Every structure is written in C-alpha cells, then in structure tokens.
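> Attaching a single structure in structure tokens format; questions to follow.
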Amino acid sequence: MSSMPQINRRCFLAGVTAVSAAALAPRHALAQPAGPFTLPPLPYPYNALEPSIDKRTMELHHDLHHGAAVNGLNAAVKDYPEVARMRLEAMLGRLGELPEAIRTAVRNNAGSHANHSMFWVVMGKGGGQPDSGLKTAIDRDFGGFDKFQTDFNAAAGKLFGSGWVFVTADIDGNLKLVSKPNQDTPLMDGQRALMGIDVWEHAYYLNYQNRRADYIKAWWNVINWQKVSERYTAAKDGDLGI
Ligand code: MN3
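In the numbering used here, the protein residues as written are 9 to 250.
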C-alpha cells in the first residue's frame, strides 16, 4: 500500500480533531490506520506456505474468516463515528470505554482483525533466523531458542478450545509468552504482539484434522524471522501498532 492515502487521511483527521489525530497518528508503517477497515492482501501467494499450511486453508482463512471479521467490525462501528475513527490498537486497548452495545462485537471482530493481520505478516517462505537483537532477547527471556520453542509449543498445545498464543514485546524489549482465548489479544492489555499462532481449528483442520501438535511444529518452518525482527525493532521504538 502506498503511503499517500495514510498521509491524506492524517491531514483530514488533523483538520477535524487536531489533538486526538496528532496523539494517535502512526509514525510507522506497522501501525494500523483508522477505519473503515479493509482486509489486507496476503503478502504472498496462497500456496506459498505449503506443505506446512495448505493453499485451501489459506484461502478460507484469509478471505472468509479474516474477511468476515473486517466486515463485522465495520458493521459494528457503522453508527458510532467516534469509535470508527479510532485506530485498531486504541479501540482494543480501550474496550471498556466503548458503548456497551458494540463492545462484544468490537472485541471479537477488531481482535480477529488485529490478530490475523499480524499472523499473515509474521509468516512467509524462507524462514531464516531472528536477528542478533531478537536472538539475544530470546536467550535472555526464555533461556535459549530451544526452550523458547518448547515453551511456546506447550502453551499452544494446551490452549483449550479456540485462541492464540503470542510472544509480546514491550518497549524495553522484554519478551513474554501470552495465551488468549477466542480472538482476544495482548492489545487489550496495552501490550504489543511480536508474533503469534492461531490455534483455532479453522487454521489447521483441513490438513491436520485433530493433530494440532503437528500443525504447531510445521508452523515454525514458515515464520518470517526478518519480519518478526522488524516488528521487534518497531516495538522497542514504540512504533508497533498491531
Ligand atoms: Mn483464524
């Protein structure tokens, strides 16, 4: 996406609500612009993650599941312009201040939109390795990469029902494992998700059926560490939106 629409939107917002637009204006491309919300295109072909994640699962997951969340979010905020104007991470971080009539719909749909937008970009072909800054943080906060993987896989394996397991990164660069049910997100706690895995059955059932552990194991093959490292830098700079 070109940066022009965002700049135009920012100028427009600045004219309407100078203070809040300035306070919430994204400084980084990873920040999420305010609504109306759109389904971000998958940053690679649907079959790019095969054999770890099959093409049909990606088509359904991105176009239908994530697409439905975007539509649901826009429908929920349609009659609430003050909410529709908020950036996604602000909306989720201030759920308790939103009108009660739309709070649950925003929680589920904005949460899903944020989680899936993150999910697509931390995956990709090629894998690679975390850069030295992120590698050092993983060693420090998890006791090494192997222990990190073991703990992450255990959390993702034992999450009951539907949900996500995230690695959060704070502004000091500290990493943590965080599990959330449904479409909840660390953004609701004012935290930032560096990376995370979707363990809803729709994320793996076509190919893996009930073998969630096999899906989790395969997922490590398609992590885009360059992108995760970029997100880590952004998190430390306070520039990571969703
Ligand atoms: Mn999903």
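The beta-carbon is built from N, C-alpha and C at its ideal position, and this holds for glycine as well.
The structure displayed is predicted, hence computed values, not measured ones.
1. Compare the beta carbon distance of residue 45 and residue 91 with 8 Å and say whether it is the shorter of the two.
2. Note the first and the last residue of the continuous beta strand (DSSP E) segment covering residue 203.
3. To the nearest angstrom, how far is the alpha carbon of residue 125 from that of residue 226?
4. For residue 211, is the beta carbon positioned less than 7 Å from some heavy atom of the ligand MN3?
5. Spatial neighbours of residue 73 within its chain, please: CB distance less than 6 Å, with the 5 preceding and 5 following residues excluded, ordered by chain position.
6. May I ask you to list the residues that DSSP assigns as paired with residue 110?
7. Taking the C-alpha atoms as reference points, what is the distance between residue 85 and residue 244?
8. In three-state DSSP terms, what is residue 194?
9. For the ligand MN3, is there a heavy atom less than 7 Å away from the beta-carbon of residue 121?
10. Hey, quick one: how far does the alpha helix (DSSP H) through residue 230 stretch, first residue to last?
11. Using 8 Å as the threshold, is the C-beta distance between residue 189 and residue 174 below it?
12. Suppose you measure from the CA of residue 55 to the CA of residue 132; what does that come to, to the nearest Å?
13. Check whether the stretch 112 to 127 touches the stretch 215 to 223, taking contact to mean three or more Cβ pairs, one atom from each stretch, closer than 8 Å.
14. Identify, in the order they occur along the chain, each residue of the same chain with its Cβ nearer than 7 Å to the Cβ of residue 233, setting aside the five sequence neighbours on each side.
15. Going by Cα to Cα distance, which pick from 58, 184, 207 is closest to residue 147?
16. With DSSP as the reference, please indicate the residues paired to residue 177 in a beta bridge.
17. Along the chain, where does the alpha helix (DSSP H) containing residue 89 start, and where does it finish?
18. In three-state terms, what does DSSP make of residue 188?
19. Whole angstroms are fine: how far does the CA of residue 204 sit from the CA of residue 130?
20. Tell me where the alpha helix (DSSP H) around residue 82 begins and ends.
21. Just the C-alpha distance for residue 192 and residue 206, rounded to the nearest angstrom, thanks.
22. Would you give the residue range spanned by the alpha helix (DSSP H) that residue 154 belongs to?
23. Is residue 245 near the ligand MN3, with its Cβ less than 7 Å from a heavy atom?
24. Please determine, among 200, 71, 222, the residue with the shortest C-alpha to C-alpha distance to residue 164.
25. Helix, strand or coil for residue 171? Go by DSSP, reduced to three states.
26. Please report how far the alpha carbon of residue 142 lies from the alpha carbon of residue 230, in whole angstroms.
For this structure:
1. With respect to residue 91, residue 45 sits apart: the two C-beta atoms are not nearer than 8 Å.
2. Its beta strand (DSSP E) spans residues 201 to 206.
3. Each residue's alpha carbon lies about 20 Å from the other.
4. Set against 7 Å, the gap from the CB of residue 211 to the closest heavy atom of the ligand MN3 is smaller.
5. If we look at residue 73 and ignore the five residues flanking it on each side, its Cβ neighbours are 210.
6. Bridge partners of residue 110: none, in fact.
7. Residue 85 and residue 244: Cα-Cα distance of roughly 31 Å.
8. When DSSP states are grouped into helix, strand and coil, residue 194 belongs to the helix group.
9. Because no heavy atom of the ligand MN3 lies under 7 Å away, the Cβ of residue 121 does not count as near it: no.
10. In the DSSP annotation of this structure, residue 230 is not part of any alpha helix (DSSP H), being labelled neither H nor E.
11. Taking 8 Å as the Cβ cut-off, residue 189 and residue 174 do not qualify as a contacting pair.
12. A direct Cα-Cα distance of roughly 10 Å separates residue 55 from residue 132.
13. Below 8 Å, too few C-beta pairs join the stretch 112 to 127 and the stretch 215 to 223 to call them touching: fewer than three.
14. 135, 136, 137, 138.
15. The candidate whose alpha carbon is nearest that of residue 147 is 184.
16. According to DSSP, which records beta bridges pairwise, residue 177 is partnered with 183.
17. Start and end: 89 to 92.
18. Assignment of residue 188 by DSSP, reduced to helix, strand and coil, places it in the strand class.
19. Distance between the alpha carbons of residue 130 and residue 204: 8 Å.
20. Counting along the chain, residue 82 sits inside the alpha helix (DSSP H) bounded by residues 75 to 85.
21. One C-alpha to the other measures close to 11 Å.
22. Counted as a single uninterrupted DSSP element, the alpha helix (DSSP H) harbouring residue 154 occupies residues 153 to 166.
23. No.
24. It is 222.
25. Secondary structure at residue 171: strand, using DSSP grouped into helix, strand and coil.
26. Residue 230 has its alpha-carbon roughly 17 Å from the corresponding atom of residue 142.
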